[in-house]
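As numbered in our numbering, the sequence shown has no gaps in its residue numbers, which increase by one up to the final residue, 1234. Cβ coordinates follow ideal geometry from the N, Cα and C atoms, glycine included. Written out below as structure tokens is the structure these notes cover.
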Amino acid sequence: MRVAGMEGRTVVLTGGSSGIGLATAGALAALGARVVITARRADRGREALAHIRQQSGTDLAEVVVFDLADLDSVRAGASEILDRCPQIDVLVNNAGVVLSERVETAQGFEATFATNHLGPFLLTALLRERLLSAPAARVVTVSSAAHRTARRGLDFDDLQARRRYRPMAVYGASKLANILFTVELARQLAGTTVTANCLHPGLVATGYGRGTTGLLGLGVKLGRPFMLSPDQGARTSIFLASSPDVDGVTGRYFVRCRVEIPSRSAKDGEAARRLWEMSEAMVGSGS
Ligand SMILES: NC(=O)c1ccc[n+]([C@@H]2O[C@H](COP(=O)([O-])OP(=O)(O)OC[C@H]3O[C@@H](n4cnc5c(N)ncnc54)[C@H](OP(=O)(O)O)[C@@H]3O)[C@@H](O)[C@H]2O)c1
């Protein structure tokens, strides 16, 4: 994996308090980037900063606290990021959850969809102008091979999983949404200085699935010994955020630092546009 120094560049990374995000943030700070992580809890954010500083041997990390599942909180967080960062070179949409049971957010959206897709959608929209004003910016979104479970594509009549809630199906659909988001963002940004790519990090032993119950919880527990470490799982995110090998590359899905073809549903440009329009309506005005 070829990476380059990141001195003078600012990275905003969601979900920097744990797992793949924490490892990615530490590595990018070690490459010289100023890394602004987001965390939903101040105490976990502070612990992460101490870890990143120790891992990178730098003082280049800071934290902004907000909840991606709450659109008002995302607006407040984005505003703080814009106040603090006159330039944003990389946005890593990393945070994500899988939830055993259906929960609704403050705005009445299903929480997995809201955390994994709607929150990052709104955050990216709010940071878009700042990304466009950087010399060459990148949006990197952490999807998953689990997008393949949504074989028939997104159910646009039930994006909030009101009819039926199956945790892995809802998670898989949210990860398909990550790829469709990337496809449409790259289309819209074609000809600009901003690229958009997404990735599957591998199966990684992190906080992922923590707190899940039943078969899902059991599967997560039994699988852990066979999984990658967070440092290994962070490699493709680090590559996409920093490597000169992907200068100008956009709209792609990566696995192990290589372009991979995602599922058929993930290449559906019409679905990507439809999801974009519906997401815009859901996040409402002010995005
Ligand atoms: N682990 C895997 O095998 C695997 C495989 C494929 C894809 N992924 C993807 O990799 C990404 C990182 O996951 P991970 O494995 O590193 O899991 P993790 O250790 O649980 O980290 C998830 C991060 O997201 C944050 N987060 C969760 N809900 C949030 C919210 N509402 N607002 C703000 N931040 C929130 C968490 O914050 P807290 O610290 O407060 O919980 C944490 O920092 C996710 O997008 C996941 O879907 C993981």
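*asked:* Suppose contacts are defined by Cβ-Cβ distances below 8 angstroms. Is Leu1101 in contact with Leu1018 by that definition?
replied: To locate residue 1101, count along the sequence shown from 1; it is residue 154. To locate residue 1018, count along the sequence shown from 1; it is residue 71. For Leu1101 and Leu1018, no; Cβs fall outside 8 angstroms.
*Can you give the Cα-Cα distance for Ser1234 and Arg1110, rounded to whole angstroms?*
Within the sequence shown, the letter at position 287 stands for residue 1234. Within the sequence shown, the letter at position 163 stands for residue 1110. Low per-residue confidence applies at Ser1234: pLDDT is 47, beneath 50, and the placement is therefore not dependable, though the value from the model is reported in the following sentence. When rounded, the distance between both Cα atoms is 28 angstroms.
*Between the C-alpha atoms of Lys1214 and Leu1127, what's the straight-line distance to the nearest angstrom?*
One-based indexing of the sequence shown puts residue 1214 at position 267. One-based indexing of the sequence shown puts residue 1127 at position 180. Here the alpha carbon of Lys1214 sits roughly 7 angstroms from the alpha carbon of Leu1127.
_Going by DSSP, what residue range makes up the beta strand (DSSP E) through Ala995?_
Taking the first residue of the sequence shown as 1, we reach residue 995 at position 48. Looking at the DSSP string, Ala995 is not in any beta strand (DSSP E); the run it does join, the alpha helix (DSSP H), is 989-1003.
*Span of the beta strand (DSSP E) holding Arg1085?*
By 1-based counting over the sequence shown, the position of residue 1085 is 138. Looking at the DSSP string, the run of the beta strand (DSSP E) that includes Arg1085 is 1084-1089.
*Beta carbon of Ile1208: closer than 7 angstroms to some heavy atom of ligand 2?*
Only ligand 1 can be found as ligands here, which leaves ligand 2 out of the picture.
_Residue ranges of each beta strand (DSSP E) within the segment 1155-1206, 3 or longer_ = Segments of the beta strand (DSSP E) lying fully in the segment 1155-1206: 1200-1202.
*What does a CB cutoff of less than 8 angstroms around Arg991 pick up in its chain, not counting 5 residues either side in sequence?*
Counted from its first residue, the sequence shown places residue 991 at position 44. Residues of the same chain with a CB within less than 8 angstroms of the CB of Arg991, apart from the 5 flanking positions on each side, are Ser964, Ser965 in chain order.
*From this set, Phe1173, Thr1071, Met1174, which residue's C-alpha is nearest Glu1227's C-alpha?*
Residue 1227 sits at position 280 when you count from the first residue of the sequence shown. The option with the nearest alpha carbon to Glu1227 is Thr1071.
*Give the DSSP bridge partners of Val1151, in chain order.*
For the purposes of this step, residue 1151 is identified with residue 204 of the sequence shown, where counting begins at 1. Paired residue(s): Leu1175.
_Output needed for Ser1184: all residues of its chain with C-beta closer than 7 angstroms, excluding positions within five of it in sequence on either side, in chain order._
Along the sequence shown, one-based indexing puts residue 1184 at 237. Excluding residues up to 5 positions away in sequence, Ile967, Thr971, Val1039, Asn1041, Val1087, Val1089, Leu1146, Pro1148 lie with their Cβ nearer than 7 angstroms to the Cβ of Ser1184 in the same chain.
*According to DSSP, is Glu1076 helix, strand or coil?*
Looking up residue 1076 in the sequence shown gives position 129. In the structure shown, Glu1076 falls within a helical segment according to DSSP collapsed to helix, strand and coil.
*Whole angstroms is fine: what's the gap from Ala1008's alpha carbon to Arg956's?*
Within the sequence shown, the letter at position 61 stands for residue 1008. Within the sequence shown, the letter at position 9 stands for residue 956. Those two C-alpha atoms are separated by around 12 angstroms.
*Given Leu996, which residues of its chain have a CB within under 6 angstroms of its CB, disregarding the five upstream and five downstream residues?*
If you number the sequence shown from 1, residue 996 lands on position 49. Exclusion of the five residues before and after Leu996 leaves Ala1008, Val1010 as the residues of its chain whose Cβ lies within less than 6 angstroms of its Cβ.
*Hey, how far is the Cα of Leu1123 from the Cα of Leu1078?*
On the sequence shown, residue 1123 is found 176 positions in, with the first residue counted as 1. On the sequence shown, residue 1078 is found 131 positions in, with the first residue counted as 1. Computed Cα separation, rounded: 24 angstroms.
_Closest residue to Gln1135 among Leu975, Thr1052, Gly1198, Ile984 (Cα-Cα distance)_ = Within the sequence shown, numbered from 1, the residue matching residue 1135 stands at position 188. Checking every option, the nearest Cα to that of Gln1135 belongs to Gly1198.
*Do Asn1063 and Ser1121 have their C-beta atoms closer together than 8 angstroms?*
What you label residue 1063 is simply residue 116 of the sequence shown in a count that begins at 1. What you label residue 1121 is simply residue 174 of the sequence shown in a count that begins at 1. Taking 8 angstroms as the Cβ cut-off, Asn1063 and Ser1121 qualify as a contacting pair.
*Tell whether a beta-carbon distance below 8 angstroms holds between Arg1049 and Ala1108.*
Locating residue 1049 in the sequence shown gives position 102, counting from the first residue. Locating residue 1108 in the sequence shown gives position 161, counting from the first residue. Cβ distance < 8 angstroms, so Arg1049 and Ala1108 count as in contact.
*For Leu1038, name the three-state secondary structure that DSSP assigns.*
Residue mapping note: residue 1038 aligns to position 91 of the sequence shown, counting from 1. In the displayed model, Leu1038 falls within a strand according to three-state DSSP.
_Nearest-angstrom Cα separation, counted from Gly1024 out to Phe1013_ = Residue numbering aside, residue 1013 sits at position 66 when the sequence shown is read from its first letter. Residue numbering aside, residue 1024 sits at position 77 when the sequence shown is read from its first letter. Between Phe1013 and Gly1024, the C-alpha separation is close to 6 angstroms.
*Contacts around Val983, its chain only, beta-carbon distance under 8 angstroms, and the 5 residues preceding and following it disregarded*: On the sequence shown, position 36 is the one that residue 983 refers to. Hits under 8 angstroms: Thr957, Val958, Val959, Leu960, Ala1008, Glu1009, Val1010, Val1011, Ile1028, Arg1031, Cys1032.
*asked:* Given the structure, does Met1115 come close to ligand 1, in the sense that its CB is under 7 angstroms from one of the ligand's heavy atoms?
replied: Mapped onto the sequence shown, residue 1115 falls at position 168. Annotation for Met1115 indicates a beta carbon at 7 angstroms or more from all heavy atoms of ligand 1.
*For Glu1009: DSSP bridge partner residues*: As a working mapping, residue 1009 is identified with position 62 in the sequence shown. DSSP output for Glu1009 lists Val983 as bridge partner(s).
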